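Engineer: Heads up: the sequence shown is residues 13 to 803, going by the working numbering.
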Amino acid sequence: MNRLKQLISYCGLIGASIGVWVFLWSEGVLDGLEQEAMRWRYEVRGELSSTAQIIYVDLDADTVSYIGARPWDRQNFSVLVDALLGPGEAKVIGFDIIFSMFSGGSLLDYGRARKGDISFGQSIEYFTDQVVLAAAYTGTTSADAVLPLRRDQYVDPRENPFPEAPSFPILTEESGRLGLANVDEVLSQGSVPYWVVALVEVEGELFSRHLMDGKLRHLVDALNEPEVIVAGDSLKLVDKDGWSPYVLPHYTHQRLFSLGLEMFLAAHGLGNESVVYDGHELLIRRGDEVFRRIPLDAWGQSLEVNWFEGWKQSDLSEHVSIREVLERANALGQASEGGDTERVQAELMWFSRFKDKVIFVGPVDPQLKDIAPTPFNREPVPKVGLHANLYRTIQDEAYIVRPSDGGSVASIVLLTLLVSALTLWSGVGRVFTRISSMAVVLLYIAAVFYCFSNGNFVLPLVAPLGAALSAVLLVALLKLGSEEWQRRRMKTLFGAYVSPELVDEMVESGRDPELGGTEAEVTALFSDVEGFSAFSEQLPPNELVPLMNEYLSAMTDALQAEGGTLDKYIGDAIVMMFGMPLPIKDHAARSCAAALCMQERHAELRSQWVQSGQWPEVVEQMRTRIGINTGAAVIGNMGSRVRFNYTMMGDSVNLAARCESGAKSYGVYTLVTGATLRAALPHLPDLFYRTLDRIVVKGRTEPVEIFELWDRTVERGAALRCRELYENGLQLYFKGEWAVALEQFVAAEPHEPSSAFAPTTPSAVLAQRCREFIKSGGPDDWDGAYRMQTK
Numbered sequence: 013m014n015r016l017k018q019l020i021s022y023c024g025l026i027g028a029s030i031g032v033w034v035f036l037w038s039e040g041v042l043d044g045l046e047q048e049a050m051r052w053r054y055e056v057r058g059e060l061s062s063t064a065q066i067i068y069v070d071l072d073a074d075t076v077s078y079i080g081a082r083p084w085d086r087q088n089f090s091v092l093v094d095a096l097l098g099p100g101e102a103k104v105i106g107f108d109i110i111f112s113m114f115s116g117g118s119l120l121d122y123g124r125a126r127k128g129d130i131s132f133g134q135s136i137e138y139f140t141d142q143v144v145l146a147a148a149y150t151g152t153t154s155a156d157a158v159l160p161l162r163r164d165q166y167v168d169p170r171e172n173p174f175p176e177a178p179s180f181p182i183l184t185e186e187s188g189r190l191g192l193a194n195v196d197e198v199l200s201q202g203s204v205p206y207w208v209v210a211l212v213e214v215e216g217e218l219f220s221r222h223l224m225d226g227k228l229r230h231l232v233d234a235l236n237e238p239e240v241i242v243a244g245d246s247l248k249l250v251d252k253d254g255w256s257p258y259v260l261p262h263y264t265h266q267r268l269f270s271l272g273l274e275m276f277l278a279a280h281g282l283g284n285e286s287v288v289y290d291g292h293e294l295l296i297r298r299g300d301e302v303f304r305r306i307p308l309d310a311w312g313q314s315l316e317v318n319w320f321e322g323w324k325q326s327d328l329s330e331h332v333s334i335r336e337v338l339e340r341a342n343a344l345g346q347a348s349e350g351g352d353t354e355r356v357q358a359e360l361m362w363f364s365r366f367k368d369k370v371i372f373v374g375p376v377d378p379q380l381k382d383i384a385p386t387p388f389n390r391e392p393v394p395k396v397g398l399h400a401n402l403y404r405t406i407q408d409e410a411y412i413v414r415p416s417d418g419g420s421v422a423s424i425v426l427l428t429l430l431v432s433a434l435t436l437w438s439g440v441g442r443v444f445t446r447i448s449s450m451a452v453v454l455l456y457i458a459a460v461f462y463c464f465s466n467g468n469f470v471l472p473l474v475a476p477l478g479a480a481l482s483a484v485l486l487v488a489l490l491k492l493g494s495e496e497w498q499r500r501r502m503k504t505l506f507g508a509y510v511s512p513e514l515v516d517e518m519v520e521s522g523r524d525p526e527l528g529g530t531e532a533e534v535t536a537l538f539s540d541v542e543g544f545s546a547f548s549e550q551l552p553p554n555e556l557v558p559l560m561n562e563y564l565s566a567m568t569d570a571l572q573a574e575g576g577t578l579d580k581y582i583g584d585a586i587v588m589m590f591g592m593p594l595p596i597k598d599h600a601a602r603s604c605a606a607a608l609c610m611q612e613r614h615a616e617l618r619s620q621w622v623q624s625g626q627w628p629e630v631v632e633q634m635r636t637r638i639g640i641n642t643g644a645a646v647i648g649n650m651g652s653r654v655r656f657n658y659t660m661m662g663d664s665v666n667l668a669a670r671c672e673s674g675a676k677s678y679g680v681y682t683l684v685t686g687a688t689l690r691a692a693l694p695h696l697p698d699l700f701y702r703t704l705d706r707i708v709v710k711g712r713t714e715p716v717e718i719f720e721l722w723d724r725t726v727e728r729g730a731a732l733r734c735r736e737l738y739e740n741g742l743q744l745y746f747k748g749e750w751a752v753a754l755e756q757f758v759a760a761e762p763h764e765p766s767s768a769f770a771p772t773t774p775s776a777v778l779a780q781r782c783r784e785f786i787k788s789g790g791p792d793d794w795d796g797a798y799r800m801q802t803k
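(1) What does a CB cutoff of less than 6 angstroms around glycine 439 pick up in its chain, not counting 5 residues either side in sequence?
(2) Jot down the residue ranges of each uninterrupted alpha helix (DSSP H) in the stretch 680 to 719, minimum 4 residues, whole runs only, in chain order.
(3) Which residues in the same chain have their Cβ closer than 7 angstroms to the Cβ of alanine 146, if we skip the five residues on either side of it in sequence?
(4) Given arginine 733, which residues of its chain have a CB within under 6 angstroms of its CB, disregarding the five upstream and five downstream residues?
(5) Decide if threonine 140 is buried, meaning its Cβ has at least 16 other Cβ atoms within 10 Å, or exposed.
(6) Please state the DSSP three-state secondary structure of glutamine 623.
(7) Have a look at Ser90, Val144, Asp85 and Leu430 and flag the residue whose alpha-carbon is nearest the alpha-carbon of alanine 125.
(8) Tell me the residue span of the alpha helix (DSSP H) that contains leucine 344.
(9) Does glutamate 533 come out as helix, strand or coil in the three-state DSSP assignment?
(10) Which one or two residues does DSSP pair with valine 91 in a beta bridge?
(11) Which same chain residues end up closer than 7 angstroms to alanine 570 when comparing Cβ atoms and leaving out the 5 residues on each side of it in sequence?
(12) Could you check how far apart the C-beta atoms of valine 396 and threonine 386 are, in whole angstroms? I think they sit under 8 angstroms.
(13) So the alpha helix (DSSP H) valine 758 belongs to, where does it begin and stop?
(14) Straight-line CA distance for alanine 760 to leucine 737?
(15) Pull up the distance between the alpha-carbon of glycine 441 and that of valine 484, whole angstroms please.
(16) Since I believe glycine 662 is in contact with alanine 691 (beta carbons under 8 angstroms), could you give me their beta-carbon distance rounded to a whole number of angstroms?
(17) In the DSSP assignment, what residue or residues form a beta bridge with lysine 248?
(18) Between which residues of its own chain and alanine 600 is the CB-CB distance below 7 angstroms, once the five residues before and five after are set aside?
(19) Just to confirm the assignment, what range does the alpha helix (DSSP H) spanning proline 774 have?
(20) Let me know if leucine 19 comes out buried or exposed under the rule of 16 or more other beta-carbons within 10 Å of its beta-carbon.
(21) Give the DSSP-derived three-state secondary structure of valine 646 in the structure shown.
(22) Does the stretch 297 to 317 come close enough to the stretch 28 to 48 that 3 or more CB-CB pairs lie under 8 angstroms?
(23) Below 8 angstroms on the Cβ atoms is my guess for threonine 530 versus glycine 648; work out the distance and round it to an integer in Å.
(24) What does a CB cutoff of less than 6 angstroms around asparagine 401 pick up in its chain, not counting 5 residues either side in sequence?
(25) Just to confirm before moving on: does the CB-CB distance between leucine 874 and alanine 210 stay below 7 angstroms?
(26) From Leu704, Leu92 and Glu616, pick the residue whose C-alpha is nearest to that of isoleucine 334; which is it?
(27) Distance check for valine 646 and alanine 532, CA to CA, integer angstroms please.
(28) Between the Cα of proline 552 and the Cα atoms of Ala585, Cys782, Trp627 and Arg799, which residue gives the shortest distance?
(29) Cutting at 6 angstroms between CB atoms, please list the residues of its own chain near serine 118, excluding the five before and the five after it.
(30) Helix, strand or coil for glycine 439, going by three-state DSSP, please let me know.
(31) Kindly confirm or deny that the stretch 766 to 785 and the stretch 743 to 756 touch, where touching means at least three C-beta pairs closer than 8 angstroms.
(32) Helix, strand or coil for aspartate 377? Go by DSSP, reduced to three states.
(33) Who are the Cβ neighbours of alanine 615 in its own chain at under 7 angstroms, not counting the five residues just before and after it?
(34) Within the continuous alpha helix (DSSP H) that includes isoleucine 66, where are the two ends?
(35) Using 8 angstroms for Cβ pairs, my map puts tyrosine 403 next to phenylalanine 276. What's the rounded Cβ distance?
(36) Taking buried to mean at least 16 other C-beta atoms within 10 Å of its own C-beta, is arginine 799 buried or exposed?
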């Protein structure tokens, strides 16, 4: 698979991943997961401080045992309002309790209920703008009592139903404020109420009918067959005698705001007329200034709550039981009537805690079932906290901000592209790119939590991470498959020539090897077994073949361990190249290291053969000659139409072969040219070697410096003394001072490392050459280079 096809495949997978996750995000499939991620954001951020001063007055189990079970006598709530707004001097009270005409049930004592409603209504009328009563679309009182949401095509206020709400005499046309208690369950996407319905508009006669129904129920015993009639622009309550005690406008336009928002308006002395709705946000005006600007959802109806606190988890809000307020109010009344000034002052001191506070009254007893989890409470807690947190959101203008749809899609695309690009980029190694990819993902996650904690900004989390990670997974799988295919291809092409590690390195490089023939600098290595013909004649084939297989395997392993590529076997000879098919900068050094490793490994084999006692002496003394040269060569698949081989050719390759055969003439076993040594020393400065000679091989005209490499098996002290004497003699030899040079070579000969087993030594060869030159006078054109007469 070529690079372009790979790139197209990767881009296709990345694009598909982005497309799938954008689709899932746009269809709302991920909303539930994203809302769970919202909980994580809150848990990381923690609770917030607020300028809003709120007290919860709880309808708890203690209160229920005090005032009795449902239906509750609303006289108690009348006392509560009078106490909190009277001596308590609270700023506003909001009830998260629906005091509707439907909440009495079959056990209701209507006579007693009327008295309680009248008393409660009188208290509300007295503190008319300081009491907010809950209303809700419950869907339980009539078929029309469904929540009219704009996204459900409830766009005409004249077609919207009226919610379940208090009626006359608790609520009148002149006293009492209504606040919606409804949660937007679709946007909240789960059990935690994150969104509330901020606004519902109702036009027509529904509000007046609602009040008239309450009046009709309340006065049914006082009037003679009463009924509600339409008279022009009015609704009239008339009896059979023609008496009409109540007249209301037939047509009204009611705007119902969320309970927390209505509480905010009441606390700041503002009416509904101060709110301007432009379809996208609510503008609260105070005089000529815009006091608050409240963002709404895309449909222009719901508002996201910023949860400042959990339920009873911080000191941000105080909790007081309704029972305690009622008992304190009764005690205050009794003390006032009895003239107990000290007791009066004590009770007033207790009520002073409510001064200028915003009071939220709601059921907190789990038996009342008005409970739900919060971002800070996984177990359900009283939902009245929702409205208090909405109040804080508006008071402190801490609105949750979300990116536009385009911004969300951009975050999905950008994160996926960046992480995928880092995954694919292998210019500086896999470890770095993997760390970089992981770092980008972690940085994005950190940015998600940082933006929320420090700016209430909600970067999408699930879709971008899902798209990025799935794209990386798909790309990784394709890349893995591609690399495995490439590895098998390389193994098919080069498995017999190079080590598995080099195959992996070739795959890792991402570059196809040049198979059609290319010129490159390589290091060629030729090796041969000394005296192979002699001992091969002494061994039967069934012994010779296993022996050579053992030998060739050991030598090949040593060569391939340094990145060598097998060119061919020629009987006992091995031809290797370093630097192709995968370019290696230090190929000369690797070839030298491989040659030394071959000699050491062969020494181990000889020791094993001696210990086994099964081989003749000629095998136990077997040695390897190696010749190495570095230079330009032509490399590629060469051969006939029916059979070819990946090989090398060129003058530099021929010179390596001449070095191997020339080693025999000097009695050395690892011979390298100056080109190889100069290229290797920067990478292997500890090479142990000596200058051997300057020669012109048969078929060439230019002289070549040759050197002997010594492995770790030589006795270093003797070798150093030998090198000193030999190289001194060699310098004299190059100058044509053969007699003096002869003395140095003769002195060096006893120190030769190979004198014990080699048929000759370099010192002996050069000494004999000096004797011949002394006798003949030497070549007339002597330039220090000896011209070889054989290959």
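All residues carry an ideal CB built from backbone N, CA and C; glycine is no exception.
Just so you know, these numbers come straight off a predicted model, no measurement behind them.
Structural biologist: Once the coordinates are examined:
(1) In this prediction, glycine 439 has a pLDDT of 44, which is less than 50 and means its spatial position is unreliable; nothing more can be read from the coordinates.
(2) Considered as a whole, the stretch 680 to 719 harbours 686 to 692 as its complete alpha helix (DSSP H) runs of no fewer than 4 residues, in chain order.
(3) In the same chain as alanine 146, and ignoring 5 residues on each side of it, the C-beta atoms closer than 7 angstroms to its own belong to Phe107, Asp108, Ile109, Ile110, Gly191, Ala193 and Leu271, in chain order.
(4) Result list for arginine 733: His763, in chain order.
(5) Under this definition threonine 140 is an exposed residue.
(6) Correct three-state label for glutamine 623: helix.
(7) Of the candidates Ser90, Val144, Asp85 and Leu430, the one whose C-alpha sits nearest the C-alpha of alanine 125 is Asp85.
(8) Looking at the DSSP string, the run of the alpha helix (DSSP H) that includes leucine 344 is 334 to 350.
(9) In the three-state scheme derived from DSSP, where H, G and I count as helix and E and B as strand, glutamate 533 is classed as strand.
(10) In the DSSP secondary-structure assignment, valine 91 is not bridged to any residue.
(11) Correct list, in chain order: Ala606, Cys609, Met610 and Arg613.
(12) Rounded, the Cβ-Cβ distance is 11 angstroms, inconsistent with contact.
(13) Here the alpha helix (DSSP H) through valine 758 covers 750 to 760.
(14) Answer to the nearest angstrom: the Cα atoms are 5 angstroms apart.
(15) Confidence at glycine 441 is low in this model, with a pLDDT of 46, below 50, so its placement is unreliable and no value can be given for it.
(16) Your pair alanine 691 and glycine 662 does not check out as a contact, with CB atoms roughly 17 angstroms apart and the cut at 8 angstroms.
(17) Note: lysine 248 sits in a beta bridge opposite Ile241 and Val259.
(18) Hits under 7 angstroms: Thr535, Thr642, Thr688, Ala691 and Ala692.
(19) It spans 774 to 788 - the alpha helix (DSSP H) in which proline 774 sits, taken as one unbroken run.
(20) By the 10 Å Cβ count, leucine 19 comes out exposed.
(21) In the three-state reduction of the DSSP assignment, valine 646 falls in the strand class, which pools E and B.
(22) No: the two stretches stay apart, fewer than three of their Cβ pairs being nearer than 8 angstroms.
(23) About 6 angstroms separates the two Cβ atoms, so the contact holds.
(24) Cβ neighbours of asparagine 401 within its own chain (closer than 6 angstroms, five residues either side excluded): Val317, Trp319 and Phe320.
(25) The question about residue 874 has no answer here: the residues shown for the chain are numbered 13 through 803.
(26) In terms of Cα proximity to isoleucine 334, the closest of Leu704, Leu92 and Glu616 is Leu92.
(27) Distance between the alpha carbons of alanine 532 and valine 646: 7 angstroms.
(28) Comparing alpha carbon positions, the residue from Ala585, Cys782, Trp627 and Arg799 closest to proline 552 is Trp627.
(29) Because serine 118 carries a pLDDT of 48, less than 50, the predicted location of this residue cannot be relied on, and no value is offered for it.
(30) Any reading at glycine 439 needs caution, since the residue's pLDDT is 44, under 50, leaving its predicted position unreliable; the model's value is listed next. It is coil, neither helix nor strand.
(31) The stretch 743 to 756 and the stretch 766 to 785 touch, with three or more beta-carbon pairs separated by less than 8 angstroms.
(32) Coil at aspartate 377, not helix or strand.
(33) Only Thr725 meet the Cβ criterion.
(34) Element bounds for isoleucine 66: not the alpha helix (DSSP H) but the beta strand (DSSP E), 66 to 71.
(35) The C-beta separation of tyrosine 403 from phenylalanine 276 comes to about 6 angstroms, placing the pair in contact by the 8 angstroms criterion.
(36) Classified as exposed, arginine 799 has fewer than 16 neighbouring CB atoms from the shown chains inside 10 Å of its CB.
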